[in-house]
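Here's the structure, in structure tokens; my notes come after.
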Amino acid sequence: MATSGPVLLVSQAQQRKSRTYTPSPWGDFFLHHVPCTPSQLLSMKERAKVKEQQVRQIIHETIASSDLLHVFEKFRDESGAIVSGDDASCLLMLHDAAHARTHGEEILDGIVAWSKSRLQSLVVQKNLLEPELAEEVRCALETPRFRRVKRVEARRYIPVYEKKSTRDETILEFAKLDYNISQAIYCDELKELTIMVELHFWMLGVIHDPYCSRIMIVKIFVFISLFDDLMDNYSTTEESNVFTAAMERWDEQMAQQLPAGLKALLVRIFNATNKIEEELKLQGNMHAELIKKMVINSAKFYHAEVKWRDEHFVPTSLEEHLQKSIPTSACMQMANLALVSLGNVTTREDVEWVFTFPKIIRGACIVGRIANDIVSHEREQASSDHVASTVQTCMKQYNVTIKEANEKLRAVIEEAWMDIVQDSLEQERPRALLDIAINVARVADFMYKREDAYTLSFVIKDIIASMYIYSV
1468 MATSGPVLLV SQAQQRKSRT YTPSPWGDFF LHHVPCTPSQ LLSMKERAKV KEQQVRQIIH
1528 ETIASSDLLH VFEKFRDESG AIVSGDDASC LLMLHDAAHA RTHGEEILDG IVAWSKSRLQ
1588 SLVVQKNLLE PELAEEVRCA LETPRFRRVK RVEARRYIPV YEKKSTRDET ILEFAKLDYN
1648 ISQAIYCDEL KELTIMVELH FWMLGVIHDP YCSRIMIVKI FVFISLFDDL MDNYSTTEES
1708 NVFTAAMERW DEQMAQQLPA GLKALLVRIF NATNKIEEEL KLQGNMHAEL IKKMVINSAK
1768 FYHAEVKWRD EHFVPTSLEE HLQKSIPTSA CMQMANLALV SLGNVTTRED VEWVFTFPKI
1828 IRGACIVGRI ANDIVSHERE QASSDHVAST VQTCMKQYNV TIKEANEKLR AVIEEAWMDI
1888 VQDSLEQERP RALLDIAINV ARVADFMYKR EDAYTLSFVI KDIIASMYIY SV
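All you need for the numbering used here is the position in the sequence shown, starting with 1, plus 1467.
Structure follows, in structure tokens:
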């Protein structure tokens, strides 16, 4: 018995792994960055108020003169077949619109497949399309408009719209003013967050209203993000058990059982969460106490995967995998943090509803979970102690290659998008809640489109620069 303690400690130490992560390329740049002076910001806001009313009038007049009923029927003949055409601009709009489809919409399913094929054939033929239109087609084939992150798309599209001969100068000026005003507010938030630039960018994709601060969301989400790395790489099984138990009981005394680093982290989480909760209460936010619940639940979600890691367990079916891994996509937490930041716009019932993973939230989580796994599978599986990904499970379930598994998983993502659209149409919940859920899926799709842009932050360095540094 005398030797059992030291042996156990050595065994546990061997479990703790170390992994190198890419540091943020920004350092303290945003601590000092000022995109405009206070007087310039005030002037822009005054001009924007005038332009906003003019743009509202333009939109109302456009809606009143539009025939929006049965619009997709116009692209079918009497037999129901899709009418062929080579007008790339019309095809592009049709392709984008058809992706706002739900399950069982055969017309839209057919249009998606047909328009994709036609656009692919047009874009590969050199000099057939004008360069600007060809670029729009490539963007649509990669990400249909409905699925794009709104502020990223605004930054991309303003210069495109400016080149159009059909542009409306009032709309263009208002778009620029709106973007530059928002940029100044975002940069002001980053002064308090400094190196948390990528997390702020992520939350900006979820809730972009400049008058809804992302500071609280980012501070809490830092801890949620740390849970993932902590459970995967920086704690033994026993340490993760103690850490999670302390979180669940919200007991700082249990930190005494942990190594110095984990102890300091636990105390910091407690202090920061309690402080944010008190600040929200002072603001009259009825959802303040849910912050603690969210942090505790997140720790428990990531801890649940520790057993998989230790046993090198690969679930036999994708559904089994998703039951455990959907919560650790962190998409539900993103949505709920955004809702809490809105204050009393939503009810307690609405916020609690998100905790139940309804279809729209589950769909967003599936997009995030699977898209992440597709782009990070090979890199992460190079470590033998990493939790099995959905890619591994799909390969095992269907006895297929990585490439074939990825194709099957992309089909699952398409089904998840249909769930998201369908639930957003059917749920009698506040529009703000449903829009946040859709935005969570959009930003997850963006961050994991080609690489794991959250982990490999240099991948989106240029995008972030365009969002926070360069005005339009």
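C-beta: ideal position from N, C-alpha, C; glycine also.
Asked	Found
Under 7 Å between C-beta atoms of E1656 and R1681	yes
Nearest candidate by alpha-carbon position, reference G1751, set A1564, G1810, V1854	G1810
Boundaries of the alpha helix (DSSP H) in which E1719 is found, first to last residue	Looking at the DSSP string, E1719 is not in any alpha helix (DSSP H), and its letter there is neither H nor E.
DSSP-derived helix/strand/coil call for P1782	coil
Cβ shell of S1933 (< 6 Å), same chain only, five flanking positions each side left out	R1622
Bounding residues of the alpha helix (DSSP H) (the contiguous stretch that carries R1917)	Premise fails: R1917 is in no alpha helix (DSSP H) and is neither H nor E.
Own chain partners of C1654 with C-beta closer than 8 Å, once the 5 adjacent residues on each side are dropped	F1497, H1500, V1501, P1502, Y1935
Residue interval of the alpha helix (DSSP H) (run including V1501)	Segment: none, V1501 is in no alpha helix (DSSP H) and carries neither H nor E.
Continuous alpha helix (DSSP H) stretch holding M1663: start and end	Per DSSP, M1663 belongs to no alpha helix (DSSP H) and is neither H nor E.
Inside the segment 1792-1871 only - alpha helix (DSSP H) runs reaching at least 4 residues	1798-1808, 1815-1822, 1826-1848, 1857-1865
Complete runs of the alpha helix (DSSP H) confined to the segment 1681-1730 [at least 4 residues]	1682-1700, 1704-1716
Cβ-Cβ distance between M1683 and I1625 below 7 Å	no
Cβ pair M1914, A1920 closer than 7 Å	yes
Closest Cα partner of I1833 within the set S1649, D1912, E1706	D1912
Residue span of the alpha helix (DSSP H) that contains E1629, given as start and end	1617-1629
Alpha carbon of V1619 to alpha carbon of Q1724, nearest angstrom	45 Å
Beta-carbon proximity of V1939 to K1518, cut-off 7 Å	no
I1453 burial status per 10 Å Cβ neighbour count (16 or more: buried)	The question about residue 1453 has no answer here: the residues shown for the chain are numbered 1468 through 1939.
Start and end residues, alpha helix (DSSP H) containing A1580	1573-1591
Proximity to N1906 [Cα-Cα], best of R1614, A1531, C1557, L1559	R1614
Residue environment, D1563, which counts as buried when at least 16 other CB atoms sit within 10 Å	buried
Terminal residues of the alpha helix (DSSP H) in which A1766 lies	1757-1770
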